[in-house]
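Scroll down for the structure; my scribbles are underneath it.
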Amino acid sequence: MKDADNRSAIHIACCEGHFDIVKYLLLNGASVHEKDRHGVTPLDEAITADDHDIIKLLISTGAHLTKDSTLLGDLLTSAAGRGLIKRLESFTLAGADLNLPNSIGMTALHAALLNSQNEVVQYLISNKNVNVNVKDRLGRTAMDLAVQMLNKGAIAVLKNR
Numbered sequence: 126m127k128d129a130d131n132r133s134a135i136h137i138a139c140c141e142g143h144f145d146i147v148k149y150l151l152l153n154g155a156s157v158h159e160k161d162r163h164g165v166t167p168l169d170e171a172i173t174a175d176d177h178d179i180i181k182l183l184i185s186t187g188a189h190l191t192k193d194s195t196l197l198g199d200l201l202t203s204a205a206g207r208g209l210i211k212r213l214e215s216f217t218l219a220g221a222d223l224n225l226p227n228s229i230g231m232t233a234l235h236a237a238l239l240n241s242q243n244e245v246v247q248y249l250i251s252n253k254n255v256n257v258n259v260k261d262r263l264g265r266t267a268m269d270l271a272v273q274m275l276n277k278g279a280i281a282v283l284k285n286r
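Plus 125 on top of the position in the sequence shown (first one is 1) and you've got the working numbering.
Dropping the structure here:
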C-alpha cells in the first residue's frame, strides 16, 4: 500500500525514525530500492532524518545512494554551507564521496569556507578522505579560499594537513 506520492510504509518509517518498524518491514519483504514519485528512496529519507542507525541498517541490507553525482554534490555543499555536520555524517555513512563538486564546481569544503562554517571546515579537514587540494571552477583550493576569507584557523589546519 502506498500514498498519493507513491511512498510506502518503509519510506514513512525511515522518515519518522522508527528503527524497529524499518527492521520489521525489511524482514517481511520491503525493498530498500523503492522510489516514490519524486525518486526518493528509503535511504534518502533516513539521510534527511539524520538517522544513523537506520542508514546503517539500510546499507547492510543492500541500499545505496542513487542520486547522480552533481545532485549529490549540491546536497553536500548545501549541508556544509548551512553547518549541518550531522547531515554530512549521514551522507558519509551512506557512502557519499565528500569531494563531489556541486553544479557550480564547489565541494563541501569550499562551501563551508565560503559560509564561515568553521566547525564544518574542521570536520571536513579532519576526514582523511577529503581532498583539500581539489579546485573549484575558478581554480581555487581550500587554502586559497581560507586566505581569501581571512580564516586563520582554517589556514593553520590546512598547512598541517
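From the three backbone atoms N, C-alpha and C, an ideal C-beta is built for every residue, glycine too.
Note that the structure is a prediction, hence the values are computed from the model and not measured.
Inter-residue Cα distance where the pair is residue i and residue j
i, j, result
"Asp261", "Gln247", "19 angstroms"
"Leu183", "Thr217", "14 angstroms"
"Ile280", "Ala271", "6 angstroms"
"Ala138", "Leu190", "18 angstroms"
"Leu238", "Ala267", "7 angstroms"
"Asp178", "Ser215", "10 angstroms"
"Ala287", "Thr202", "Lying before the first or after the last residue shown, residue 287 is absent from the chain, which here runs from 126 to 286."
"Ala188", "Asp130", "21 angstroms"
"Arg132", "Val147", "14 angstroms"
"His143", "Val282", "39 angstroms"
"Ser156", "Pro167", "9 angstroms"
"Leu209", "Glu141", "19 angstroms"
"Ala219", "Lys181", "8 angstroms"
"Ile250", "Ala174", "24 angstroms"
"Arg286", "Gln273", "19 angstroms"
Counted within 10 angstroms of its Cβ, other Cβ atoms place residue i as buried (16 or more) or exposed
i, result
"Leu275", "exposed"
"Asp145", "exposed"
"Gly198", "buried"
"Ser185", "exposed"
"Gln242", "buried"
"Lys126", "Per the sequence shown, the amino acid found at residue 126 is Met instead of Lys. When all chains shown are included, Met126 counts as exposed."
"Asn194", "This sequence places Ser at residue 194; Asn is not what is there. Answer is exposed; the Cβ neighbour count stays below 16."
"Asp176", "buried"
"His162", "It is Arg, not His, that sits at residue 162 in the sequence shown. With fewer than 16 other Cβ atoms within 10 Å, it is exposed."
"Ile235", "This sequence places His at residue 235; Ile is not what is there. Answer is buried; the Cβ neighbour count reaches 16."
"Ala221", "buried"
"Glu170", "buried"
"Asn227", "buried"
Beta carbon of residue i nearer than 8 angstroms to that of residue j
i, j, result
"Leu223", "Asn258", "no"
"Asn240", "Gly264", "no"
"Ile135", "Leu150", "yes"
"Ala204", "Leu196", "no"
Endpoints, alpha helix (DSSP H) assigned at residue i
i, result
"Lys127", "Run containing Lys127: none; DSSP gives neither H nor E here."
"His136", "Ala134 to Glu141"
**Q.** Contained alpha helix (DSSP H) runs [length at least 4] in the stretch 154-224, N- to C-terminal order
**A.** 167-173, 177-185, 194-206 and 210-218
(Q) Which complete alpha helix (DSSP H) runs does the stretch 227-277 hold, if anything under 4 residues is left out? (A) 233-239, 243-251 and 267-273
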